């Protein structure tokens with residue numbers, strides 16, 4: 001059973017995991033250095049526990065304690081309870097969903113483990129927006145993708161906002177970081193995947209044709225601003241485009257991924 | 001030529017249009033009461049002017065003035081110039097893209113005007129998230145949709161964040177508010193559109209089948225949380241679903257719309 005700790009000082013050092021949640025750069029450092037991630041909202045907190053992550057602590061307003069009683073019963077971690085206005089001083093914003101929890105990260109699996117048995121894989125290069133990363137995990141899960149691989153500099157899928165937007169898909173989908181950026185796609189090809197890069201390149205074929213009849217496929221997606229790096233664009237087996245209205249070549253990367261996942265799921 | 005006005009007091013009442021931009025509820029009132037909308041970033045400011053909206057004023061840091069000189073040359077509106085740290089005190093956040101502008105809204109066109117000549121239309125019920133509304137406008141434009149109709153309570157597509165996410169698609173796509181919520185879909189049917197509601201209803205058919213061979217189509221989308229109202233779900237001509245992995249029925253509304261627009265564009 002978690003220990004309920006009532007807190008009335010927002011500067012209490014035990015609340016360090018929850019400080020300034022809107023300061024993305026600060027949070028990246030804090031979370032990496034302490035090997036933690038934050039879950040927001042009863043549903044996401046619950047899914048994190050169910051996915052086997054160990055809570056470091058909880059933080060919530062009094063009215064949320066009962067709703068999470070069953071979750072709190074499963075752990076010895078402290079549960080810091082404080083008034084909503086004080087919680088807001090700690091986190092820097094109004095926590096609409098009431099409950100927050102800090103979890104220890106687990107070691108990432110190997111690429112081989114993540115790919116074992118997979119038939120449809122998403123590969124994300126240098127996406128910077130956590131909302132997009134979360135939305136892409138969610139679309140991948142909806143359309144039956146088995147795994148997600150992230151380039152070394154892709155935004156963190158365990159960032160609070162990514163988890164929230166992804167509706168917890170980051171917990172149900174095996175994923176890991178690619179250790180080697182340069183040869184990432186040739187390595188996937190050697191492992192039996194056809195790598196299909198989504199791009200606006202001149203020699204790109206419509207996505208429906210690019211994935212037709214392909215067994216093991218890896219859909220490769222680039223960053224919001226500049227798309228894929230030239231290296232990844234050139235080292236993919238195929239280049240694919242989503243046909244759009246003439247003169248328009250602009251689709252948000254999360255929207256493009258949803259369409260590409262849909263088409264690929266029907267190959 | 002805009003009048004350059006250097007400002008050193010963040011409480012200057014002439015900056016009222018730009019106050020507390022992160023406070024969504026406050027902004028809704030301010031923007032409705034004054035009939036204004038805000039554009040953020042050089043590109044969006046430029047597109048707003050090109051789309052024929054009349055600037056009320058501009059607000060920017062000194063280093064952004066030159067880049068927008070051609071735009072400022074087209075108007076008599078004041079351009080308030082202040083240091084970035086002061087601008088941040090006005091707006092409540094760090095304005096990464098530097099330039100802001102306040103524009104007067106134009107009267108909305110009639111539904112008939114928006115539908116004239118249209119073959120593919122998006123109809124949004126009660127979406128609450130401005131990011132989703134912007135992303136949907138962008139996907140609609142990418143896949144050749146001719147118009148967007150909004151239920152009376154749908155979130156504002158001219159809200160700063162919607163414009164930004166939509167990459168200005170709200171300026172290039174004809175849109176308006178539906179005056180009548182209850183009979184909105186039967187009215188569209190009477191006007192010759194087949195209304196296709198995206199839903200998880202039991203009698204929904206796959207979207208590809210639902211739009212096959214349809215000439216004038218209106219794709220109907222519901223809110224993030226609860227989807228369509230029962231009235232809209234029942235009064236649509238057809239109910240369609242995006243086939244997903246078994247046991248998963250969760251796709252962000254913007255992702256679902258992108259897929260539905262893609263499929264519809266290929267009908």
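Chains as they are written, first to last, in full-length UniProt numbering: chain A, 1 to 267; chain B, 1 to 267.
Glycine is no exception: its CB is placed at the ideal position from the N, C-alpha and C atoms.
This one's a predicted model, so the numbers in the text were calculated from it and none came from an experiment.
| request: Count the other C-beta atoms from every protein chain shown that fall within 10 angstroms of the C-beta of residue 108 of chain B, then say buried if there are 16 or more, exposed otherwise. | output: Indexing the second chain from 1 puts residue 108 of chain B at position 108. The residue is exposed, with fewer than 16 neighbouring Cβ atoms inside 10 Å.
| field | residue 259 of chain B: contacting residues in chain A (beta-carbon distance under 7 Å) | value | To locate residue 259 of chain B, count along the second chain from 1; it is residue 259. In chain order: 258, 259 and 262.
| Residue nearest to residue 125 of chain B in terms of C-alpha spacing, selected from B:136, B:148, B:104 and B:154 | Stepping through the second chain from its first residue, residue 125 of chain B is reached at position 125. Residue B:154 is the option with its Cα nearest to residue 125 of chain B.
| field | Under 8 Å from the C-beta of residue 251 of chain B: neighbouring residues of chain A | value | As a working note, residue 251 of chain B is residue 251 in the second chain. Ordered by position in chain A, the residues that pass the 8 Å Cβ test against residue 251 of chain B are 138, 139, 142 and 258.
| said: Measuring straight from C-alpha to C-alpha, what distance separates residue 252 of chain A and residue 4 of chain B? | reply: Stepping through the first chain from its first residue, residue 252 of chain A is reached at position 252. Stepping through the second chain from its first residue, residue 4 of chain B is reached at position 4. If I take the Cα positions, the gap works out to 36 Å.
| request: State the Cα-Cα distance for the pair residue 242 of chain B and residue 259 of chain B, rounded to the nearest angstrom. | output: Counting from one through the second chain, the residue named residue 242 of chain B turns up at place 242. Counting from one through the second chain, the residue named residue 259 of chain B turns up at place 259. If you take the alpha carbons of residue 242 of chain B and residue 259 of chain B, they lie about 8 Å apart.
| query | Beta-carbon of residue 245 of chain A versus every beta-carbon of chain B: anything under 8 Å? | reply | Locating residue 245 of chain A in the first chain gives position 245, counting from the first residue. At least one chain B Cβ lies under 8 Å of residue 245 of chain A.
| query | Is the shortest distance between the beta-carbon of residue 241 of chain A and the beta-carbons of chain B less than 8 Å? | reply | Counting from 1 along the first chain, the entry for residue 241 of chain A is found at position 241. It does not; no Cβ of chain B falls within 8 Å.
| query | In whole angstroms, what is the alpha-carbon distance linking residue 78 of chain A and residue 164 of chain A? | reply | In the first chain, residue 78 of chain A corresponds to position 78, counting from 1. In the first chain, residue 164 of chain A corresponds to position 164, counting from 1. Near 23 Å, if we compare the C-alpha coordinates of residue 164 of chain A and residue 78 of chain A.
| said: So within the UniProt domain "tRNA/rRNA methyltransferase SpoU type" (121-262) of chain A, which uninterrupted alpha helix (DSSP H) runs reach at least 4 residues, ignoring any that extend past its ends? | reply: 130-142, 160-165, 169-172, 184-190, 207-211 and 230-235
| field | residue 254 of chain A at chain B interface by Cβ criterion, 8 Å | value | Reading the first chain from its first residue, position 254 is the one you call residue 254 of chain A. Yes, residue 254 of chain A lies at the interface with chain B (some Cβ there is under 8 Å from its Cβ).
| task | Compare the C-beta of residue 73 of chain A against all C-beta atoms of chain B and say whether one is closer than 8 Å. | result | The count along the first chain starts at 1 and reaches residue 73 of chain A at position 73. Answer no: the Cβ-Cβ gap between residue 73 of chain A and chain B never drops below 8 Å.
| Taking Cβ to Cβ, would you say residue 267 of chain A is nearer than 8 Å to residue 191 of chain A? | Your numbering for residue 267 of chain A matches position 267 in the first chain. Your numbering for residue 191 of chain A matches position 191 in the first chain. Cβ distance not < 8 Å, so residue 267 of chain A and residue 191 of chain A don't count as in contact.
| query | Of all the CB atoms in chain A, is at least one closer than 8 Å to the CB of residue 167 of chain B? | reply | Here residue 167 of chain B corresponds to residue number 167 of the second chain, with the count starting at 1. Answer yes: the Cβ-Cβ gap between residue 167 of chain B and chain A drops below 8 Å somewhere.
| said: Considering just the uninterrupted stretch of the beta strand (DSSP E) at residue 15 of chain A, what are its terminal residues? | reply: Here the question's residue 15 of chain A lines up with position 15 in the first chain. That residue, residue 15 of chain A, is in no beta strand (DSSP E); it is neither H nor E in DSSP.
| Thinking just about the alpha-carbon of each residue, which of B:60, B:210 and B:50 is nearest to the one in residue 85 of chain B? | For the purposes of this step, residue 85 of chain B is identified with residue 85 of the second chain, where counting begins at 1. Cα-wise, what sits closest to residue 85 of chain B is B:60.
| Between A:152, A:121, A:11 and A:158, which lies nearest to residue 142 of chain A when the distance is taken from Cα to Cα? | In the first chain, the residue the question calls residue 142 of chain A occupies position 142. For residue 142 of chain A, the nearest C-alpha among the options comes from A:121.
| Shortest alpha-carbon distance to residue 129 of chain B belongs to which of B:25, B:11 and B:246? | Stepping through the second chain from its first residue, residue 129 of chain B is reached at position 129. Out of B:25, B:11 and B:246, B:25 has the C-alpha closest to the C-alpha of residue 129 of chain B.
| Touching by the beta-carbon criterion (3+ pairs, under 8 Å), the region 202-219 of chain B and the region 173-183 of chain B | no
| How close, in whole Å, do the beta carbons of residue 87 of chain B and residue 42 of chain B come, if the pair is a contact with beta carbons under 8 Å? | Here residue 87 of chain B refers to the residue found at position 87 of the second chain. Here residue 42 of chain B refers to the residue found at position 42 of the second chain. Between residue 42 of chain B and residue 87 of chain B the Cβ distance is about 15 Å, and since that is not below 8 Å, they are no contact.
| Burial state of residue 74 of chain B (16 or more Cβ within 10 Å) | Residue 74 of chain B sits at position 74 when you count from the first residue of the second chain. Looking at its Cβ environment, which holds fewer than 16 other Cβ atoms inside 10 Å, residue 74 of chain B is exposed.
| field | Sheet register partners of residue 38 of chain B (DSSP bridge) | value | As a position in the second chain, residue 38 of chain B is number 38, starting the count at 1. DSSP, once it has assigned bridges, lists B:102 as partnering residue 38 of chain B.
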